[in-house]
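See structure below.
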Amino acid sequence: MEIILIKTTAEDHHIAKLTALAIGLHLLEAVFPSPLPGVKPGIANIVTLYVLYEYGFATAAWVSLLRVFASSLLLGQFLSPTFVLSLSGALLSLVALFLAQHLPKKTFSAISLSIFAAFAHIAGQLIIVRLWLIPHTGVMYLIPIFALAALFFGVINGLITANLLTNLNSRLK
Amino acid sequence: MPKNTRLAFNHKPLIGDWLVIVASMVAVAVMFQQFWSFAPASQLKIRQGNQIIGTYDLNQARELRIKGPLGESIIVINNGQARFKQSPCPNQYCVHQGWLSHAGQVAICLPNQVSLQLMGAKSKYDSLNY
């Protein structure tokens, strides 16, 4: 009998560790009920942003998408509407981050990127909601609430990430 | 152990961040204004099939009987509001929708092909005609 060994690189281990952290935050958030369905702080995105700054976009994309898949499996939501919403949000915020990462670092910090990602996240979700789940113009009434929540949590997550990055970097010096 | 183990609030938002925050706040405010503007309606437009039955002032209390394929739908206008009072349709969704009062609001009875649409001072974007 042949034993199949998957060769893993140091980077794979790194991605796995960071993803585990993101999954942990995602699950932690899933436990708390939200006053408004769909409005969540999205603290797992702190990990995505942190990875983007420390390891680059490719690793951040891996961590973000692996987190969506693994968390949905753990929560029993794989291929459910919740999963599709989560995935569309994650994909669109990755697109936003891909574009925003080229902004000058001296004027735009993780806070800006976090806000862009949060807006892209709700945009991705609302597109799915409008096209598939609730094909009705009434969904438009929800847009301001979701946008306000995205701005609020985008700023908070961005502040956490930016401080995490500066604190870690000053400690290493 | 490193000296600085306490988590400090070292990073302050940069100029670009403030720009993004202010721009986002403006965008959110505009969204609230755009999507949550409940302008009071002044007129009611009634359609049956593919024709407009008429446009009625919402300040005049009246009762209208509109003939459709199933029978008569009774529409009531009162106090700047309008509603389906009675309908020959099986599911009664139009009646259950109750009073309409904001510009842009719509009640449709598909089985009897009657629709009510409230009009404001100026007509807004709507999904029926756009």
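Chains as they are written, first to last, in the numbering used here: chain A, 1084 to 1256; chain B, 647 to 776.
The beta carbon of each residue, even a glycine, is placed where N, CA and C say it ideally should be.
- In this structure, DSSP gives Met1084 (chain A) a state outside helix and strand, which the three-state scheme calls coil.
- Listed along chain B are Val674, Met677, Phe678, Phe681 and Trp682, each with a C-beta nearer than 7 Å to that of Pro1227 (chain A).
- The beta carbon of Pro1118 (chain A) does not come within 9 Å of any beta carbon belonging to chain B, so the residue lies off that interface.
- Between Leu690 (chain B) and Gln763 (chain B), the C-beta spacing is below 9 Å.
- Only those residues of the segment 1178-1191 of chain A whose C-beta falls short of 8 Å from the nearest C-beta of chain B are listed: Leu1186, Pro1187, Lys1189, Thr1190 and Phe1191.
- Assigned with DSSP and collapsed to three states, Thr1244 (chain A) falls in helix.
- In summary, Asp1095 (chain A) is exposed, with fewer than 16 beta-carbon neighbours lying within 10 Å of its beta-carbon over all protein chains present.
- Contact of Ser1195 (chain A) with chain B by beta-carbon distance below 9 Å involves Pro659, Leu660, Gly662, Asp663, Leu665, Val666 and Ile667.
- Using beta-carbon distances, Thr1131 (chain A) does not count as an interface residue toward chain B, since no partner is under 9 Å.
- Residue-level contact check: Ser1253 (chain A) touches chain B, since one or more beta carbons of chain B fall below 9 Å from its beta carbon.
- Ranked by Cα distance from Leu704 (chain B), the first of B:Trp664, B:Pro734, B:Ala728 and B:Lys713 is B:Ala728.
- Per DSSP, the beta bridge partners of Glu718 (chain B) are B:Lys713.
- Using beta-carbon distances, Phe1236 (chain A) does not count as an interface residue toward chain B, since no partner is under 9 Å.
- Annotation: the continuous alpha helix (DSSP H) that includes Leu1135 (chain A) extends over Ala1127 to Tyr1138.
- Leu1170 (chain A) is classed as buried because its beta carbon has at least 16 other beta carbons within 10 Å across all chains shown.
- Inter-segment contact for the segment 1213-1221 of chain A and the segment 693-702 of chain B is absent: fewer than three beta-carbon pairs are separated by less than 8 Å.
- Chain B has a Cβ within less than 9 Å of the Cβ of Ala1230 (chain A).
- Against chain A, the CB of Asn656 (chain B) has a partner CB under 9 Å away; the residue lies at that interface.
- For His742 (chain B), DSSP assigns no beta-bridge partner whatsoever.
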